[in-house]
Structures are given as structure tokens and as C-alpha cells.
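By my numbering, the letter at position 158 of the sequence shown is numbered 259, and the numbering carries on one by one without gaps.
Below is one structure, written out as C-alpha cells, with a few remarks after it.
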Amino acid sequence: WSCRVDYDAANQSITFQNWHSLGLGSLPKGLPLRVTGGNSAPNPTRGSPRLNSVWYHNFTTGEGATKPSDFDPPGLGGKLCIPVGAEEVRSFFGHAVEEGHALSSAFHRRAHFLPHARAEVADLRRARRPKPSEAFTGRAFEHAMRKLNAQLLRERGFRTKPCADFSTTELHDAQRILFDARAPELDVIYRERGDSRGIAHSTAEALEAEQRRRAALHPESHDAVLARDGACHEMVMWYVHHLSATARDAVKELLVLPLLPEVHHEQAGASAPEHHRRYKEQVSCAICHVTGGGGVGDAGDVSLVV
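Next up, the structure:
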């Protein structure tokens with residue numbers, strides 16, 4: 102069981118696990134081994150240190166150390182704790198978890214967000230809504246992106262900067278954090294509905310392959326600009342539509358999010374059709390925020406609206 106306690110006074114949460122020996126080796130069954138835990142935003146000046154000292158007393162070792170009821174959900178009938186079951190873990194990681202994964206840094210980056218895997222009611226409601234509300238739309242592409250950027254800039258505790266100001270490395274690092282923080286159940290909704298918000302990469306390896314192709318482009322070429330702007334649009338979409346509410350709070354401490362580029366790129370100028378095709382996929386969610394009247398960059402490309 103992985104237990105999570107919210108500390109509203111400091112806008113923090115603590116996730117902890119208590120480990121005891123199973124008695125399969127030289128250590129007696131029931132012997133306390135360690136407690137793992139950490140605060141989402143540790144601050145020693147507010148009574149929330151990252152490291153804790155734990156003292157054990159009145160515990161039993163040997164064959165009688167455990168009984169079946171010990172494995173019932175603890176704490177108010179389990180209200181403070183979430184079960185970490187095999188199917189839930191498999192869904193989150195996209196594969197069965199094996200002993201060898203403990204040595205993988207990529208696995209640990211993804212595992213960091215396991216406590217945030219479950220989407221909240223508001224997240225699920227947003228995922229099932231096919232089109233954005235009027236407050237998040239504009240009459241033309243530039244107008245819509247300005248409105249959405251204004252919303253991002255108003256979000257508390259969030260760091261942003263223009264997409265063009267990101268280096269390739271910065272962009273890729275932020276992209277990986279968002280990808281690791283994604284909630285699988287939200288993507289299931291998009292895929293079942295044929296929604297353009299569905300995530301394009303099924304694995305971290307697929308994302309890394311695209312990042313390598315992007316890094317190989319000449320930095321001043323039109324293709325590189327398409328790839329950069331498309332990635333920025335996609336990252337904002339991931340942040341809004343693929344992360345649970347608690348995951349969005351968690352990543353605020355870890356990254357700077359790009360603002361949405363306000364220019365819509367046309368086919369002309371791309372040296373390879375696949376670069377513009379991929380760009381169109383990445384901005385398809387942004388196009389949903391354009392209501393018409395001013396057109397999409399005066400191109401009228403509303404065929405991408407879902």
C-alpha cells in the first residue's frame with residue numbers, strides 16, 4: 102500500500118510506504134526494514150523536511166508476525182491509502198514491473214508520478230468534453246492562442262517563457278517530464294473517441310526517437326521551426342489534457358512550460374511533407390480553440406477541428 106497525506110496548510114502532499122521483512126532470507130519475518138517517503142515540496146522552514154527519523158517498538162517477528170487482516174487497507178478504511186495493484190501498475194508503466202527495472206533511471210522518472218496517476222473528476226469531465234468552452238476560444242488562430250497564453254500566465258506557481266526562447270535540450274527535458282507525468286486513463290478516453298488529443302507516442306523510446314530527429318535538423322531551417330513550435334503546442338496540450346490535477350501541481354516545481362506560439366505555419370517552406378504533417382497533428386488540439394470568423398491564419402484550415 103502506498104499512503105498519501107495532503108498537507109493543505111503548506112500546499113504539499115506526503116507519500117510514504119512502510120516495509121517489513123517477509124522472512125525469506127536471513128532476516129526474521131516482520132522485522133521493520135525502512136520507511137520511504139517524501140514531500141512534494143519540502144521546505145525546512147515550514148516544518149516539512151525531506152528526511153525523517155523513525156523509531157519502531159512493540160513489533161513481532163517470526164511466523165506469527167503477520168495475519169491476513171494486516172493486509173487490509175489501513176487508515177479510515179483505506180481512505181488515506183491507494184492500492185498499488187499489479188494491473189494499475191501495468192497500466193501506468195505500460196508493461197509488467199520486474200526486478201531489473203529498479204536499476205533503470207527512466208523507470209524511476211516515470212515511477213515518481215505513480216501517486217498522481219489517478220485523474221480527478223474534473224480531469225475526466227474535461228477529457229470527455231469534445232470542444233472547449235467559449236472562454237478558451239478565439240475567432241482566429243492568433244487570437245485564440247493569445248487567450249490561452251493569458252490563462253497560462255494567470256496560473257499560480259507556474260513558470261513559462263516563449264517557445265522560441267527554448268533551446269532544444271530545454272524543450273526535450275520539459276517534454277520528457279510531461280510525458281512521464283501522464284495519466285493513462287485520460288489517453289484511453291481520447292483513443293476510444295478518436296479525439297485529436299490522443300498522445301502520439303506509445304513509449305518513451307518513441308518520444309526519444311522523435312527528439313533525435315528534431316535535434317538533427319538545422320536550427321535555423323523552417324523545418325526546425327515547425328518541429329519546435331509543434332512540440333510547444335503538444336506540450337501545453339499534454340499539460341492540460343494528459344496530467345491529473347495533482348500531477349499538474351507536481352510538475353510546476355520541475356519545469357518551465359512554453360507559451361503557445363501565436364503563428365500558424367502553412368505547408369509552404371517545409372522541405373519534407375512529413376514535417377508539416379507532424380506539425381498539423383501537434384496543433385490539432387489548438388485548432389479546436391479557433392471558432393472561425395478570422396480563419397486559421399486566414400487559411401480556413403478548420404478541417405482539423407474534432
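Built from N, CA and C at the ideal position, the CB exists for glycine as well.
**Asked** Would you say Gln-383 and Gly-331 are within 9 Å of each other, going by their C-beta atoms?
**Response** yes
**Asked** Between the stretch 356-365 and the stretch 202-215, do at least 3 Cβ pairs fall closer than 8 Å?
**Response** no
**Asked** If you run the structure through DSSP and keep just helix, strand and coil, what is Trp-339?
**Response** helix
**Asked** If we ignore side chains and look at the alpha-carbon of each, how far apart do Thr-261 and Glu-363 end up?
**Response** 15 Å
**Request:** Indicate the three-state DSSP secondary structure (helix, strand or coil) for Val-391 in the structure shown.
**Result:** strand
**Request:** Check whether the stretch 338-354 touches the stretch 303-319, counting contact only when three or more Cβ pairs, one atom from each stretch, lie closer than 8 Å.
**Result:** no
**Counted within 10 angstroms of its Cβ, other Cβ atoms place Glu-188 as buried (16 or more) or exposed** = exposed
**Prompt:** Mind checking whether Phe-237 and Ile-388 have CB atoms under 9 Å apart?
**Reply:** no
**Request:** Reducing DSSP to helix, strand and coil, say where Asn-159 ends up.
**Result:** coil
**Prompt:** Buried or exposed: Phe-160, going by 16 or more other Cβ atoms within 10 Å of its Cβ?
**Reply:** exposed
**Request:** Assuming Ala-218 contacts Phe-259 (C-beta within less than 8 Å), just tell me the rounded distance between them.
**Result:** Contact doesn't hold; Cβ gap of about 21 Å is too wide.
**Asked** Where does Arg-379 sit, in a helix, a strand or coil, going by DSSP?
**Response** helix
**Request:** Could you spell out the range, first to last residue, of the beta strand (DSSP E) harbouring Arg-240?
**Result:** 239-241
**Message:** Considering only their Cβ atoms, is the gap separating Ala-223 from Glu-286 smaller than 9 Å?
**Reply:** no
**Item:** 9 Å Cβ cutoff met for Glu-235 and Thr-392
**Value:** yes
**Message:** For a quick check, are the C-beta atoms of Thr-162 and Pro-216 less than 9 Å apart?
**Reply:** no
**Message:** Looking only at its chain, what residues have a beta carbon closer than 6 Å to the beta carbon of Ala-228, apart from the 5 residues adjacent to it on each side?
**Reply:** Leu-287 and Ile-290
**Prompt:** Can you tell which of Leu-225, Trp-156, Pro-133 and Glu-293 has the C-alpha that lies nearest to the C-alpha of Ala-166?
**Reply:** Pro-133
**Request:** Kindly indicate which three-state DSSP category Leu-356 falls into: helix, strand or coil?
**Result:** coil
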